[in-house]
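Protein chains in written order, with our numbering: chain A, 1187 to 1620; chain B, 1187 to 1620.
First comes the structure, then the notes that go with it.
Protein chains: 2
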Amino acid sequence: MEKIKIGLLGIGTVGGGVWEILQTNKEEIIKNCGCEIEVEKILVRDANKKRDTSIPQGKFTSDFDEILQNKEIQILVEVMGGIEPAREYILKAIKAGKHIVTANKALLAQHGVEISQAALDRGVKLYYEASVAGGIPIIHPLKESLGGNKIQKIMGILNGTTNYILTKMTNEKVDFATVLKEAQDKGYAEADPTADIEGFDAAHKLTILSTLAFGTPVKFEDVYREGITKITPMDIEYARELGYAIKLLAIGKEEEDGLELRVHPTFIAKDHPLASVNDSFNAVFVKGNAVGDLMFYGRGAGDLPTGSAVVGDIMSIVKAMGNKEILKDGFTQDLSKKVKSVSDIEGEYYLRLVVEDNPGVLGKIANLFGVNNVSLSSVIQKGESVSPVSLVFITHVAKEGDIQATLQEIKSMKEVVEISNLIRVENGRERGEA
Amino acid sequence: MEKIKIGLLGIGTVGGGVWEILQTNKEEIIKNCGCEIEVEKILVRDANKKRDTSIPQGKFTSDFDEILQNKEIQILVEVMGGIEPAREYILKAIKAGKHIVTANKALLAQHGVEISQAALDRGVKLYYEASVAGGIPIIHPLKESLGGNKIQKIMGILNGTTNYILTKMTNEKVDFATVLKEAQDKGYAEADPTADIEGFDAAHKLTILSTLAFGTPVKFEDVYREGITKITPMDIEYARELGYAIKLLAIGKEEEDGLELRVHPTFIAKDHPLASVNDSFNAVFVKGNAVGDLMFYGRGAGDLPTGSAVVGDIMSIVKAMGNKEILKDGFTQDLSKKVKSVSDIEGEYYLRLVVEDNPGVLGKIANLFGVNNVSLSSVIQKGESVSPVSLVFITHVAKEGDIQATLQEIKSMKEVVEISNLIRVENGRERGEA
Chain A
1187 MEKIKIGLLG IGTVGGGVWE ILQTNKEEII KNCGCEIEVE KILVRDANKK
1237 RDTSIPQGKF TSDFDEILQN KEIQILVEVM GGIEPAREYI LKAIKAGKHI
1287 VTANKALLAQ HGVEISQAAL DRGVKLYYEA SVAGGIPIIH PLKESLGGNK
1337 IQKIMGILNG TTNYILTKMT NEKVDFATVL KEAQDKGYAE ADPTADIEGF
1387 DAAHKLTILS TLAFGTPVKF EDVYREGITK ITPMDIEYAR ELGYAIKLLA
1437 IGKEEEDGLE LRVHPTFIAK DHPLASVNDS FNAVFVKGNA VGDLMFYGRG
1487 AGDLPTGSAV VGDIMSIVKA MGNKEILKDG FTQDLSKKVK SVSDIEGEYY
1537 LRLVVEDNPG VLGKIANLFG VNNVSLSSVI QKGESVSPVS LVFITHVAKE
1587 GDIQATLQEI KSMKEVVEIS NLIRVENGRE RGEA
Chain B
1187 MEKIKIGLLG IGTVGGGVWE ILQTNKEEII KNCGCEIEVE KILVRDANKK
1237 RDTSIPQGKF TSDFDEILQN KEIQILVEVM GGIEPAREYI LKAIKAGKHI
1287 VTANKALLAQ HGVEISQAAL DRGVKLYYEA SVAGGIPIIH PLKESLGGNK
1337 IQKIMGILNG TTNYILTKMT NEKVDFATVL KEAQDKGYAE ADPTADIEGF
1387 DAAHKLTILS TLAFGTPVKF EDVYREGITK ITPMDIEYAR ELGYAIKLLA
1437 IGKEEEDGLE LRVHPTFIAK DHPLASVNDS FNAVFVKGNA VGDLMFYGRG
1487 AGDLPTGSAV VGDIMSIVKA MGNKEILKDG FTQDLSKKVK SVSDIEGEYY
1537 LRLVVEDNPG VLGKIANLFG VNNVSLSSVI QKGESVSPVS LVFITHVAKE
1587 GDIQATLQEI KSMKEVVEIS NLIRVENGRE RGEA
């Protein structure tokens, strides 16, 4: 099996996520790109420091040249952040013919032209899916699937911290300073929160998105920027009354007389898909002249979501590098995974019946559920005056087979007029698992 | 300028969309893939039929061999639908070394393994972004950006017709048969609606998504399938009462004991992102072990949205074909587009003031708006008893420069205690424009 070796600059939140994904999902990665990806060296400030990690000590180095001059390292992954020395290292690696993956939005927003031109001139790949909206695929779709569109508008919730603060202010009717303090105490907001709350972070990301969407180098300084510090619970309440939510939006539009580029708190209509993007989630709304309205929603930060985007970029480069573009996908995999029979599926169920309103009917039915190992979470029997009446049940998690067995027995009861409907329930609990 | 020639099989809804996009967005396409894409031949049943179209008559042919044997045609675009002869034509074109783009979900769900294997063996590309969820980029993200994830779950609203019907039933409390009839009269549903309302269409799409997500060839016959014909307004009302919406979901999960593959009406918690996907919109919710929860939302059908996905696929092939992978993107484009100054931006505005509650103050302020060409859409003055009081305005569309001028004049009024906040409004009207 071929091994592709990468050099990692930095092992903070994102770098740690990249390392973890490369270990945990090794099997998927090999299946999807045809070879193993190995971290050869990791650049850190102090290579001798004791670290609480499973990473072998020998991987660390404090000397960038050790990575630069290692011909076996074909891809440089920059997740150290900041402008310098990240910029210098990337430019040197490009010159040395290494492909680049970076998650560095500030760097790209301010030096994207220089770095992209260097990569273009040297003929190496430069991928940066992780630089905008963390794990959400948005850079690649803009450059690939949506390439045949004239993009007319982009509107993004691109900063998780401010979206978390605005969501809290909305739900709990508390003021900005209180929520910010709480977010800082919990580690959701930085000790110096300026980059987030004043919109710099969102403006960096908008610079990158607009450059790609409108096909012209956008200058970070040209983005109008206003933060969320002046938003009050009173404004949020008026917004609600008038049918809006308040979100910090990063907006890019191309109109006949020029581009509009701005980051500011915005009243957005309640029925717009962006209005219900809450907590620390990010979303990017895109309007193309062919595709119409699109929205991409997901986690905009965090070790594994951002690491997911970085690893995806590495894999794309690996596939393109080795002329391995044509690889087995699901259709051409030999392995055949077992499909569960419906009776083995576990879930919750909604059941609606019509029954004669005799004493004891509800008890009899509830008992049949119990006998078949199905427990109930909700029962609705409306106080209707005339028999027959509707009975509605929602079960806890149960096997479909047990549900079907219960149904058969209920059906045979003389008091049961009709089994009106059985509908499966997805309770949304999976959102909490993420 | 190099020209890439394609052969088009079929010129129905999707084919027409592809043709239109290739003409309208020629400039974007050249910019994004470095060459022009030209439709060389279009396969139709009757090449001599008079057509109400701008397509030159000479493009049409009824003879597939004319496309197959034309060495200049490097990409075959199949948008004719159905199993045969689409399958036969695609297999022949693969043998002849042509790359394939197809939008044919039924074909891929039933013969995806055969076709993918043929393409893999011959070393040609096979792209089918348009086969699932129309214009929404989902196939490429699954294969590229998310390649480093173990995908745990996919839940999709993959059929626009049934989502439209369920939305109407929910909002207007009418029964299934009535809404279906109306949808058929308006052309939103087919005369024979079986493929949509019985879930076959969604099951085809789930077969393709699950095959890619779980990396194993999924059989269409293994997908459990139940349509929406038994859903009643009463079920929808109970769902609402219990905190759910009813959606036709296509669900694929990988669990330790096997895959779950099913299409059926589902109770989905009101606060789940899928619950607010309404009308004919599609959405795909994906959960990966690294990226967490993602959702992709947009138009799942229609000539231009589906055509957008087809054209994106053609462009991806063109880029990979000619080793033109490294192309100019926004960062490296020479052209520099003008950025509008904020004062030239047009929009609606929310303004909150605190004023002394003297007679005539509201009139004076309203007058200042008028003098500066700003008209008002809402005014809120609560009947508070003590001065000073809050005044809230929402404007119609106005220039930011005029708003700022108005603000200056308002600020200088002696009755104005404070200008509390000015927040921009995105009214969501753009959704109607799509």
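Idealized CB from N, CA, C, for every residue including glycine.
Any idea what DSSP makes of residue i, helix, strand or coil?
{"i": "A:Ala1469", "result": "strand"}
{"i": "A:Lys1568", "result": "coil"}
{"i": "B:Asn1607", "result": "strand"}
{"i": "A:Val1404", "result": "coil"}
{"i": "B:Thr1418", "result": "coil"}
{"i": "B:Ile1596", "result": "helix"}
{"i": "A:Ile1223", "result": "strand"}
{"i": "B:Ala1279", "result": "helix"}
{"i": "B:Lys1212", "result": "helix"}
{"i": "B:Leu1562", "result": "strand"}
{"i": "B:Gly1546", "result": "coil"}
{"i": "B:Ala1436", "result": "strand"}
{"i": "A:Tyr1314", "result": "coil"}
Contact criterion: CB-CB distance below 9 angstroms. Does residue i meet it with respect to chain A?
{"i": "B:Asp1361", "result": "no"}
{"i": "B:Ile1301", "result": "yes"}
{"i": "B:Thr1199", "result": "no"}
{"i": "B:Tyr1350", "result": "no"}
{"i": "B:Glu1594", "result": "A quick correction: the sequence has Gln, not Glu, at residue 1594 of chain B. Not an interface residue."}
{"i": "B:Thr1402", "result": "yes"}
How is the alpha helix (DSSP H) around residue i delimited, first residue to last?
{"i": "A:Met1481", "result": "Taken as a continuous stretch (DSSP letters only), A:Met1481 belongs to no alpha helix (DSSP H), being part of the beta strand (DSSP E) at Gly1478 to Arg1485."}
{"i": "A:Leu1344", "result": "That residue, A:Leu1344, is in no alpha helix (DSSP H); it is neither H nor E in DSSP."}
{"i": "B:Glu1368", "result": "Phe1362 to Asp1371"}
{"i": "A:Lys1236", "result": "From DSSP, A:Lys1236 is part of no alpha helix (DSSP H); its letter is neither H nor E."}
In angstroms, rounded to a whole number, what distance separates the CA positions of residue i and residue j?
{"i": "A:Val1263", "j": "A:Glu1226", "result": "11 angstroms"}
{"i": "A:Pro1459", "j": "A:Met1481", "result": "8 angstroms"}
{"i": "B:Glu1397", "j": "B:Phe1386", "result": "Before going further, note that residue 1397 of chain B is Thr rather than Glu in the sequence given. Using only the alpha carbons, I get a separation of about 17 angstroms."}
{"i": "A:Glu1604", "j": "A:Pro1574", "result": "10 angstroms"}
{"i": "A:Ile1383", "j": "A:Ile1417", "result": "11 angstroms"}
{"i": "A:Glu1586", "j": "B:Val1449", "result": "15 angstroms"}
{"i": "B:Gly1486", "j": "B:Glu1376", "result": "16 angstroms"}
{"i": "A:Lys1550", "j": "B:Val1463", "result": "39 angstroms"}
{"i": "A:Asp1465", "j": "A:Lys1433", "result": "11 angstroms"}
{"i": "A:Leu1395", "j": "A:Lys1473", "result": "13 angstroms"}
{"i": "A:Arg1615", "j": "A:Lys1600", "result": "Confidence at A:Arg1615 is low in this model, with a pLDDT of 48, below 50, so the placement of that residue should be treated as unreliable; the coordinate-derived value is given next. Going by the C-alpha atoms only, they are around 37 angstroms apart."}
{"i": "B:Asp1479", "j": "A:Asn1468", "result": "11 angstroms"}
{"i": "B:Glu1619", "j": "A:Gly1201", "result": "For B:Glu1619, the predicted model reports a pLDDT of 35, less than 50, meaning its position is unreliable; a value from the coordinates is still stated below. Each residue's alpha carbon lies about 42 angstroms from the other."}
{"i": "A:Val1164", "j": "B:Tyr1536", "result": "Because chain A in this structure spans residues 1187 to 1620, residue 1164 of chain A falls outside the shown range and cannot be described."}
{"i": "B:Glu1442", "j": "B:Lys1339", "result": "13 angstroms"}
{"i": "B:Ser1529", "j": "A:Tyr1350", "result": "30 angstroms"}
{"i": "B:Ile1437", "j": "B:Leu1392", "result": "7 angstroms"}
Where do the ends of the beta strand (DSSP E) carrying residue i lie?
{"i": "B:Ser1522", "result": "No beta strand (DSSP E) contains B:Ser1522, which DSSP labels as neither H nor E."}
{"i": "B:Tyr1672", "result": "Outside the shown range of chain B, which is 1187 to 1620, sits residue 1672 of chain B, and nothing can be said about it."}
{"i": "B:Ser1576", "result": "Val1575 to Thr1581"}
{"i": "A:Arg1448", "result": "Gly1444 to Ala1455"}
{"i": "B:His1285", "result": "His1285 to Thr1288"}
{"i": "B:Ile1259", "result": "Ile1259 to Glu1264"}
Closer than 8 angstroms to a non-hydrogen atom of the ligand ADP - does that hold for the CB of residue i?
{"i": "B:Asp1489", "result": "The model depicted lacks the ligand ADP and carries no ligand whatsoever."}
Using beta carbons (cut-off 9 angstroms, strictly below), is residue i in contact with chain B?
{"i": "A:Ala1476", "result": "yes"}
{"i": "A:Asn1559", "result": "no"}
{"i": "A:Phe1482", "result": "yes"}
{"i": "A:Lys1597", "result": "no"}
{"i": "A:Ser1240", "result": "no"}
{"i": "A:Asn1290", "result": "no"}
Proximal residues, the region 1418 to 1450 of chain B versus chain A, C-beta separation under 8 angstroms: Residues of the region 1418 to 1450 of chain B that bring their beta carbon within less than 8 angstroms of a beta carbon in chain A comprise Thr1418, Met1420, Asp1421, Tyr1424, Ala1425, Glu1427, Leu1428, Tyr1430, Ile1432, Leu1435, Ile1437, Glu1440, Glu1441, Asp1443, Gly1444, Leu1445, Glu1446, Leu1447, Arg1448 and His1450, in sequence order.
Contact set between the region 1484 to 1504 of chain A and chain B, restricted to residues whose Cβ is under 7 angstroms from the partner: For the region 1484 to 1504 of chain A, the beta-carbon criterion of a distance under 7 angstroms to any beta-carbon of chain B is satisfied by Gly1484, Arg1485, Leu1490, Pro1491, Gly1493, Ser1494, Ala1495, Val1497, Gly1498, Met1501 and Ser1502.
Interface positions of the region 1535 to 1546 of chain A facing chain B (Cβ-Cβ less than 8 angstroms), listed along the chain: Listed by position along the chain: Tyr1536 and Arg1538.
Residues in the region 1336 to 1348 of chain A having any Cβ partner in chain B nearer than 8 angstroms: If the cut-off is 8 angstroms between Cβ atoms, the region 1336 to 1348 of chain A has Lys1336, Lys1339 and Met1341 near chain B.
Interface positions of the region 1389 to 1400 of chain B facing chain A (Cβ-Cβ less than 7 angstroms), listed along the chain: Interface annotation for the region 1389 to 1400 of chain B against chain A: Thr1397, Leu1398 and Phe1400, criterion Cβ-Cβ distance under 7 angstroms.
Contact set between the region 1313 to 1334 of chain A and chain B, restricted to residues whose Cβ is under 7 angstroms from the partner: Only Glu1315, Gly1321, Ile1322, Pro1323, His1326, Pro1327, Lys1329, Glu1330, Ser1331, Leu1332, Gly1333 and Gly1334 from the region 1313 to 1334 of chain A bring a Cβ to less than 7 angstroms from some Cβ of chain B.
Residues of the region 1211 to 1225 of chain B with Cβ closer than 7 angstroms to any Cβ of chain A, in chain order: So the close ones are Asn1211, Glu1214, Ile1215, Lys1217, Asn1218 and Cys1219.
Where the region 1566 to 1589 of chain A meets chain B: residues whose CB sits under 9 angstroms from a CB there: Against chain B - using a Cβ distance shorter than 9 angstroms - the residues of the region 1566 to 1589 of chain A are Ile1566, Ser1576, Val1578 and Ile1580.
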